[in-house]
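Going by mature numbering (1 follows the signal peptide of the UniProt record, and there is no 0), the letters in the sequence shown line up with residues -23 to -1, 1 to 272, in that order. Don't be surprised by glycine CBs; every beta carbon is placed ideally from N, CA and C. Since the model is a prediction, treat every value here as computed from it, not as a measurement. What follows is one structure encoded as structure tokens, with my remarks underneath.
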Amino acid sequence: MTKTVAVWSVAFALSAVAAIATAQHRFRYHDETETQPLRLQAATVDPGHSHSEISETRKSIRVSANGIPDHLVGRFPNQGNPHSISEQRVDLKVPTNPKSNGSTTPLEMGWNFGVSLNGVVFDPLAAEFWQGNPRSGWSYNALGGAVTLGFDENYAHVQPNGKYHYHGIPTGFIELLNFTPSRHSPLIGYAADGFPIYAMTSVVDGNVTQMKSSYRLKSGNRPGGNAPDGKHDGTFNEDYAYVAGAGNLDECNGAFTISPEYPSGTYAYFLTESYPVIPRCFAGKPDNSFRFGRR
């Protein structure tokens, strides 16, 4: 293996409806209502030559890559994912000095949240819906396990076009970056709006701190009827709600941090061990290069 260098869910459903109108996509039927343990494919396979190049100017940072990860992956195709990894044309651009909008922009279907330094994208949303209907308002949490998606130990799998992408913490990649919980996370990548992405740890008031999501499971049960029933257990994205102050991250899994890459400090996103793991909204304006599929 070689390497060359709580509003978002509404928008999510609406964006999926738009996808039907434009792409006439037929979604798979599901009626599962309970979470299940994830069965991860062992990452033992060399995916081939990985190429990633990052260039920076005063105005923008550009990530050019072939989409092949620089770490071991699971075996694809597999029972839960019938696709093979293939090279992609990754050409993504973000502002060098991103700015907050003052309001959040939900991550929608058809958008990558960000890109890792190895050129593999973060694409946490799954096109899996209650009874196959994106208009239902209930979208399956990809990491909830109710729908088998064939993830490997990097919480990644492959789209029909061969795109390997992360739905969770890219275990193999952060190991290559020598991540350790005893110090600030290394830089993992960039979000579509240009703010940096880190994994789980920051330095707060001079102390290394575990960064924790402020999303919590809703109490009680789902409504039933035309909607799923059962308790809010994490099967669906809509089982969760943002609770300000419940963790130390905001609605977009972000916080101010001082890091070796940003010694004067910056707003940054953090991958977390609990939901949403990968953020589901942007503090700034996402660049159109992160949009994929039909436009």
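Continuous beta strand (DSSP E) stretch holding residue i: start and end
{"i": "residue 174", "result": "173 to 176"}
{"i": "residue 186", "result": "184 to 187"}
{"i": "residue 91", "result": "91 to 93"}
{"i": "residue 113", "result": "Where residue 113 is concerned, there is no enclosing beta strand (DSSP E), given that its DSSP letter is neither H nor E."}
{"i": "residue 133", "result": "133 to 135"}
{"i": "residue 38", "result": "37 to 42"}
{"i": "residue 15", "result": "Taken as a continuous stretch (DSSP letters only), residue 15 belongs to no beta strand (DSSP E), as it is neither H nor E."}
{"i": "residue 194", "result": "192 to 194"}
{"i": "residue 217", "result": "217 to 219"}
{"i": "residue 29", "result": "27 to 33"}
{"i": "residue 166", "result": "166 to 168"}
{"i": "residue 60", "result": "First-last for residue 60: undefined, no H or E at that position."}
{"i": "residue 142", "result": "141 to 143"}
Anticipated Cβ contact below 8 Å, residue i with residue j, distance rounded
{"i": "residue 101", "j": "residue 192", "result": "Residue 101 to residue 192, Cβ: 13 Å. No contact."}
{"i": "residue 24", "j": "residue 50", "result": "5 Å"}
{"i": "residue 20", "j": "residue 149", "result": "6 Å"}
{"i": "residue 166", "j": "residue 92", "result": "5 Å"}
{"i": "residue 97", "j": "residue 44", "result": "6 Å"}
{"i": "residue 13", "j": "residue 122", "result": "4 Å"}
{"i": "residue 7", "j": "residue 117", "result": "7 Å"}
{"i": "residue 156", "j": "residue 163", "result": "6 Å"}
Distance, residue j Cα to residue i Cα
{"i": "residue 71", "j": "residue 202", "result": "44 Å"}
{"i": "residue 35", "j": "residue 263", "result": "18 Å"}
{"i": "residue 186", "j": "residue 178", "result": "6 Å"}
{"i": "residue 268", "j": "residue 256", "result": "16 Å"}
{"i": "residue 75", "j": "residue 261", "result": "7 Å"}
{"i": "residue 258", "j": "residue 28", "result": "28 Å"}
{"i": "residue 104", "j": "residue 120", "result": "13 Å"}
{"i": "residue 197", "j": "residue 208", "result": "6 Å"}
{"i": "residue 99", "j": "residue 184", "result": "28 Å"}
{"i": "residue 42", "j": "residue 142", "result": "13 Å"}
{"i": "residue 30", "j": "residue 95", "result": "8 Å"}
{"i": "residue 229", "j": "residue 189", "result": "12 Å"}
{"i": "residue 66", "j": "residue 200", "result": "43 Å"}
{"i": "residue 243", "j": "residue 234", "result": "6 Å"}
{"i": "residue 213", "j": "residue 115", "result": "6 Å"}
{"i": "residue -21", "j": "residue 61", "result": "Because residue -21 sits at a pLDDT of 44, beneath the cut-off of 50, its placement in the model cannot be relied upon, and the point is left open."}
{"i": "residue 17", "j": "residue 59", "result": "15 Å"}
{"i": "residue 73", "j": "residue 239", "result": "12 Å"}
{"i": "residue 106", "j": "residue 204", "result": "11 Å"}
{"i": "residue 265", "j": "residue 88", "result": "9 Å"}
{"i": "residue 22", "j": "residue 64", "result": "16 Å"}
{"i": "residue 227", "j": "residue 194", "result": "16 Å"}
{"i": "residue 215", "j": "residue 236", "result": "33 Å"}
{"i": "residue 154", "j": "residue 68", "result": "22 Å"}
{"i": "residue 112", "j": "residue 133", "result": "26 Å"}
{"i": "residue 33", "j": "residue 174", "result": "17 Å"}
{"i": "residue 85", "j": "residue 270", "result": "12 Å"}
Endpoints, alpha helix (DSSP H) assigned at residue i
{"i": "residue 148", "result": "148 to 153"}
Inset, instruction - Indicate whether the contact test is met: 3 or more Cβ pairs, each with one atom in the region 127 to 138 and one in the region 54 to 73, closer than 8 Å. - result: Result yes; three or more Cβ-Cβ pairs closer than 8 Å.
Legend entry - Every unbroken alpha helix (DSSP H) within the region 221 to 263, with a cutoff of 4 residues, ordered by chain: none
Legend entry - Entirely enclosed beta strand (DSSP E) segments - the region 68 to 107, minimum 3 residues: Uninterrupted beta strand (DSSP E) stretches at least 3 residues long and entirely within the region 68 to 107 occur at 91 to 93, given in chain order.
Inset, instruction - Could you tell me whether the region 159 to 178 touches the region 77 to 97, using the rule of 3 or more Cβ pairs below 8 Å? - result: With the cut-off at 8 Å, the region 159 to 178 and the region 77 to 97 touch.
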